[in-house]
Each structure stands twice: as structure tokens, then as C-alpha cells.
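Enquirer: Once you've had a glance at the structure underneath, I'll fire off some questions.
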Amino acid sequence: MSSSTSPSDAALASGAKDAPAPGTPGRSSGLSINVRQSGIYIAFALIVLLFTVLTDGALLQPQNISNIIVQNSYILILSIGMILIIIAGHIDLSVGSVVAVTGAIAAVLMVNYGVPWPLALLITLIAGALIGAWQGYWIAYFGIPAFIVTLAGMLLFRALTLTVLGNQGIGPFPDAVRTLSNGFTDGYLGNIGLGPLGGADLFSLLIGIVAVAGVAITQWRSRAARLGYRQAVDSIPVFLLKVVLAAAVILFVVVQLARFKNLPWVLVLLAALVLGYSLVTNRAVFGRRIYAIGGNLQAALLSGIKVKSVIFWIFVNMGVLSAIAGIIFAGRLNQAGPTAGNSFELDAIAAAFIGGAAVQGGVGKVVGAVTGGLIMGVINNGMSLIGAPSERVMLVKGVVLLAAVAFDVWTKRRAASSSR
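Have a look at this one:
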């Protein structure tokens, strides 16, 4: 199969269901909003608004926003890898255990054997890739369902964690690793006054402005590309409204972080991952093949896609991202513990489905998965601020997950009935 971009490939990457009949010009959706694509962001805004009111504004205070990002960074990283696996029609139940065992490997190397931290982190990432390759082989080439392989991996790697750590925590970590997990960027250009808001780091504000410009340019180019392939797009007023709202959210978060301790390093890492994986899923041939496999496996096979290879590599990728999350989680706690990563797989899967992934595969976005993870984080943080007991937090998260999947099923049925 050629790796060159074709109109059919582009339609697959952006969603061929929105394409009008061949030969007709690209259509504007007027003032209507695609509920399936925008629903997650509307829900996120409503949840933030609700907890802002319930906490008397404490949710959106600079320090609390920073806490939400830092405390949920590893789940957000896991959700990026998980969305790719779910898009391809698979699942990974082992990521929590992989987080634990890779954190343990990093701790043993750096603390017990004195390996320099850059080399130790590289070895840990390689270990994560090998773990992903092990599971990917059984799934892609041996044909065992991913549910079974990763369920076995969840038990296997948890046992390996206990073996490596000897049922005890290992720490502390070097300062550089703790800075990556808990630290903030330096104030390179000093502070600037923001009137009643006080002072804020100028460098962080400039980064925010660059991010807004990047979002605007990317969205405009995406809209132009869809028009070029005669696909439906938002009208100019709706498009501008979406860009303005996204810019406002980005600037608000950046200003609040700049007023506290500048940008967390994990946010810089997360932004790089989101950008990179969004480009892969939206622009690269490999990303289009993931969607093709999840959307219609038989059609993908007939079109010449090397399905086994793609599935193998998305599990290798999941292993690497799990290792990154394991390093960050262990660095944040300043030790690797035998119980690290418990239930992380459930949070990552929930983030992907809340973020718009389809149960049958073939649908989902990296930004949506990260948004789903932030929804879980805001619920955890908001209910903690109002003093809700843990059982009520689990209840709300369960209801939100069920509602997200029910919404996905409902939109599918509605689309199917309207196409008849």
C-alpha cells in the first residue's frame, strides 16, 4: 500500500461520514453544532462551571489548576496510548501494572545501582517498549484477544513489581526526575504586572500566546483541507466561535499558572505528546491505518494494510507511554512502591470512552481522550474540595462513564436511522 496521501485516505482520517456526495461542493453546517464532536467539550465546560460554583471559585484558583494538571498527568499520558488501542478495536488492562514495574525498574537502577538518571530513564523506556512488544506479539501475531493477553499482563507485571521491589518502596529519586514530575519552568524573562491579578511570568504568557496562534492556524488549515475534499465544515461564525473559546480557555489556564509557579514541566511534556500524537492520528499514514483497522477490519485487510504490524506497534507504543507515566508517578511520590498504578488502567480506559472513543473502535481523538481524563481529574478534585466521601466520588465517575458510552450508542443509532 502506498504511503502517499490520497483523497480517500484524508476522508478516512477526518471522518468520511461527513462527506457530501461526490461532485458536490463542501457544505457549511450553518449555525448547527456537531453534538458528537463537541459534546465532550460542552460537558467539560458544564462540569467545571458546576464545581466552580460548588467550591466558591476554589476550583479555578491558580494553585488548584496546577494541582489538577500535576496530579492527573500520568493518567492523561496513559489515555493517549489507550485511545489508539481502542480506536483499533482493542483494550489494554495491564497499563497500571506496567506503570508499577517500570517505576520499580527506574528506582532500582537509580537508587540501588547508582545508574545516571538519563541512562536509567532510557533503559526504563526500553523496558516499557519490550513489555509492549511482548503483549503485542501475542495479540497481533499469535491471535490471542487483547483482553486476555493484557489481563494476564496485569497479573504478571504486578507480580514482577513485587519481585523487583521486595514488597517495599525504593527512593528517593534524583532531583532531575522529581523536577520533571513536580517542578516548574523557570521565570526566564521575569514577571509582568497584570493589574488586579498581580504579577505573572512573562515567558509563560508568551508560550500561551504561541499556543493560541498554533491552535488558530491548525484549525484554519484543517477547515481548508476539508473544504478541498468537499467535506462538511462549520460556518465561519461557528468556526470563529470555537477558536475564540479555545483561545480563551488556553489563555485563562496559562495566566493562572503564570501567577502561581509558572508552567509545570509535566504540562510541557503532555503538550508535546498531544501535539505529536495528534499529528500522527490526523496526518500520518500510520494513524489513518489505525482508524481503518478499527472501522472495518476486513476492508483494511483487503486494502493491503499490514494489520498485524500496526497492532503490534500500537502496543509497543502503549508500553513506552506506560513507562513514561511510571517514571512521572514514581518521581512525584519520590519512591517506587508495590501498589503503584492500582486502577490506572480503569481511569485511562474511562478517559478514552468519556472523550468520545467508540466501543466498536474506529472513532476517537487524542484531544478528546485528554479532555476525558481532565473531566475525571476535575471530578476527583472538585469533590475533594467540597468534602465528598470516596464512595460518592466513585459513584459520580461511574455515572459519567455510563452516560458517555450511552451517548455514543445513541448517536450511532440516530445516525443510522437518519441515513435510511
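Going left to right, the sequence shown walks through residues 1 to 420 as full-length UniProt numbering numbers them.
Here a beta-carbon is modelled for each residue, glycine too, at the ideal position from N, C-alpha and C.
Should the segment 385-405 be regarded as contacting the segment 119-127, the criterion being three or more beta carbon pairs within less than 8 Å?
Expert: no
Enquirer: Give every residue of the same chain whose Cβ lies closer than 8 Å to the Cβ of Ala300, excluding the five residues on either side of it in the sequence, and list them in chain order.
Expert: Excluding sequence neighbours, Ala300 sits near Arg289, Ala292, Ile293, Val307.
Enquirer: Measuring CA to CA, which of Leu162, Gly373, Pro174, Ser94 is closest to Gln135?
Expert: Ser94
Enquirer: Could you give the residue range of the alpha helix (DSSP H) that holds Gly199?
Expert: Unbroken run through Gly199 is the beta strand (DSSP E), 199-201; no alpha helix (DSSP H).
Enquirer: Is DSSP giving Asn191 helix, strand or coil here?
Expert: Under the three-state reduction of DSSP, Asn191 is assigned to strand.
Enquirer: Near Phe312, what residues of its chain come up, given a Cβ to Cβ distance below 8 Å and the 5 sequence neighbours on each side ignored?
Expert: The beta carbon of Phe312 sits closer than 8 Å to the beta carbons of Ala133, Gly136, Tyr137, Ile139, Ala140, Tyr141 from its chain, once the five residues preceding and following it are set aside; these are given in chain order.
Enquirer: Count the other CB atoms within 10 Å of the CB of Ser66; is the residue buried (16 or more) or exposed (fewer)?
Expert: buried
Enquirer: Quick check: the segment 335-352 against the segment 363-373, are at least 3 beta-carbon pairs closer than 8 Å?
Expert: yes
Enquirer: DSSP state of Ile217, grouped into three classes?
Expert: Helix.
Enquirer: Check the DSSP bridge columns for Val396 and list the partner residues they point to.
Expert: Its beta-bridge partners do not exist; DSSP assigns none.
Enquirer: For Pro264, which beta-bridge partners are listed by DSSP?
Expert: Phe184
Enquirer: Following the continuous alpha helix (DSSP H) through Asp347, name the residue where it begins and the one where it ends.
Expert: 344-354
Enquirer: Of the residues Leu245, Ser235, Leu263, which one's Cα is nearest the Cα of Leu206?
Expert: Leu263
Enquirer: Quick check: what's the CA-CA separation for Ala284 versus Gly387?
Expert: 45 Å
Enquirer: Does the distance from the C-beta atom of Lys261 to that of Phe203 stay below 8 Å?
Expert: In this structure, Phe203 does not lie closer than 8 Å to Lys261 by Cβ.
Enquirer: What is the residue span of the alpha helix (DSSP H) that Ile311 lies within?
Expert: 307-333
Enquirer: Is the number of C-beta pairs between the segment 318-335 and the segment 92-111 that are closer than 8 Å three or more?
Expert: yes
Enquirer: With a cut-off of 8 Å on the beta carbons, I'd call Thr52 and Pro338 a contact; round off their distance for me.
Expert: Not a contact, Cβ separation roughly 38 Å.
Enquirer: Since Thr55 and Leu385 should fall inside the 8 Å C-beta cutoff, what is the C-beta to C-beta distance between them, to a whole number of angstroms?
Expert: 5 Å
Enquirer: Counting pairs of beta carbons, one from the segment 234-246 and one from the segment 169-179, are three or more of them closer than 8 Å?
Expert: no
Enquirer: Within the segment 367-391, note down every full alpha helix (DSSP H) run reaching 4 residues or more, in order along the chain.
Expert: none
Enquirer: I need the straight-line Cα distance from Ile131 to Gly199, nearest angstrom please.
Expert: 46 Å
Enquirer: So Gln135 is in the alpha helix (DSSP H); what residue range does that whole segment cover?
Expert: 117-136
Enquirer: So, using beta-carbon positions, are Ala107 and Gly166 closer together than 8 Å?
Expert: Ala107 places its beta carbon 8 Å or farther from that of Gly166.
Enquirer: I need the DSSP call for Val359, collapsed to helix, strand or coil.
Expert: coil
Enquirer: Measuring from the CB of Thr163, is there a heavy atom of the ligand GTP at a distance below 7 Å?
Expert: For the structure depicted, the ligand GTP is absent and the ligand set is empty, with no information on it obtainable.
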